[in-house]
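Chains as they are written, first to last, in UniProt numbering: chain A, 1 to 198; chain B, 1 to 198. C-beta atoms are modelled at their ideal positions from N, C-alpha and C, and glycine is treated no differently.
This is how it looks when you write it as structure tokens:
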């Protein structure tokens, strides 16, 4: 019994999606062809169009269809502040807090030596030339508080300080609404060390 | 902050995949654009090509690129036996056992009144006209042994018997290698009722 070749191709291509193994890929292919051909055609066009049109912003490295993204072009933002985040989603989360009016740099990743991701893979050279444009005064490190995120922040911090820039990091501590009983010891220890005068 | 429109389109289109919600769709879109653009382009082409080329076999209803699939065209198969399965995967499983040399009919689904899937949605008219071609003598029901699969088998069985066809069902019982201690009571009860003289 021979499976049609374009069905085999589709099943194999679906495995390029993260977290999709052979069984899921087959289930997806059958579902699309049996129940959602319009959706499959739409997804096909959306993929081709996105690959064709989406590039990295020349300034902040995020995804954009133009050379410079809208955030970087916004004249109301403070160009002396540069916030470094790992992903566009992280940037969106910070934007939603309405607490930051500077510009961003999106690494599109994090240092992770175990996965073979070094400084070259996360556009650190682009970040250095962006941060040393003479306008940026402070670099705010907003990478995740995971091992990889902390290592990335440390590496960037050293690089930026060596170039005379002021560097800050998002505060660590007990989350808003957090009860000490349910907060892990590491977080409480950090909150104690970083305690502030009131 | 505005997300590029072709990125938004891609994220929404990815939600047509079964089991993919908004968070997974976003993760997939970022992954493809950041780490696997070739894979994304490949998947886009594979989808477009599959939607364009894959149709249902005029005889057995499975996916094929031709009007009649290769299995149905195979002259070595016994055309008096017709095995009814739910999906092409089920057909493949049966083929791997090398125990069936007849032809197939693939429902591409099962009766499921709770999900609004009735006889018209699983091509039962096509099955009836296929089974009453004058050559088919026995219909072997190989739908799953789930509630929906059993209901589908029962419905098809009644329809076929009313047209004078011989109908059989895959045997139920203790799986090969099964230990009674770990087999559920329903299976043992069925194996007892269907016990065979040795």
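- In the three-state scheme derived from DSSP, where H, G and I count as helix and E and B as strand, residue 78(A) is classed as strand.
- Identification of chain A residues near residue 27(B) by a Cβ-Cβ cut-off of 7 Å yields 18, ordered along the chain.
- Contact of residue 90(B) with chain A is not assigned, every C-beta pair being separated by 8 Å or more.
- Within chain A, the C-beta atoms nearer than 7 Å to that of residue 54(B) come from 4, 6, 7 and 33, in chain order.
- Contact residues of the region 43-76 of chain A toward chain B are 43, 44, 46, 47, 48, 49, 50, 51, 53, 54, 63, 64, 65, 70 and 71 (C-beta to C-beta distance below 7 Å).
- Taking the beta carbon of residue 36(B) as reference, the chain A residues within 7 Å of it are 16, listed in sequence order.
- Per the Cβ contact rule, the region 97-112 of chain A is in contact with the region 124-144 of chain A (3 or more Cβ pairs under 8 Å).
- Interface flag for residue 41(B) against chain A is set, since a Cβ pair is found closer than 8 Å.
- Fully contained in the UniProt domain "Toprim" (80-175) of chain B are the following beta strand (DSSP E) runs of length 3 or more, in chain order: 102-106, 138-141 and 166-169.
- Of all residues in the region 130-150 of chain A, none places a beta-carbon less than 7 Å from a beta-carbon of chain B.
- The continuous alpha helix (DSSP H) containing residue 188(B) extends over residues 185-193.
- Shown here, residue 8(A) sits in a helix according to DSSP, grouped into three states.
- Taken atom to atom, the span from the alpha-carbon of residue 131(B) to that of residue 78(B) is near 13 Å.
- Around the beta carbon of residue 29(A), 16 or more other beta carbons lie within 10 angstroms, which makes this residue buried.
- For the pair of segments examined, the region 85-98 of chain A was found not to touch the region 43-59 of chain A: the number of CB pairs separated by less than 8 Å stays below three.
- Listed in chain order, the non-local C-beta contacts of residue 37(B) below 6 Å within the same chain number zero, local neighbours out to five positions each way being set aside.
- Taking the C-beta atoms as reference points, residue 54(B) is found no nearer than 8 Å to residue 9(A).
- Separation of the CB atoms of residue 141(B) and residue 156(B) is rounded to 6 Å, and the pair is thereby assigned contact status at 8 Å.
- Rounded to whole angstroms, the separation of the alpha carbons of residue 58(B) and residue 23(B) is 40 Å.
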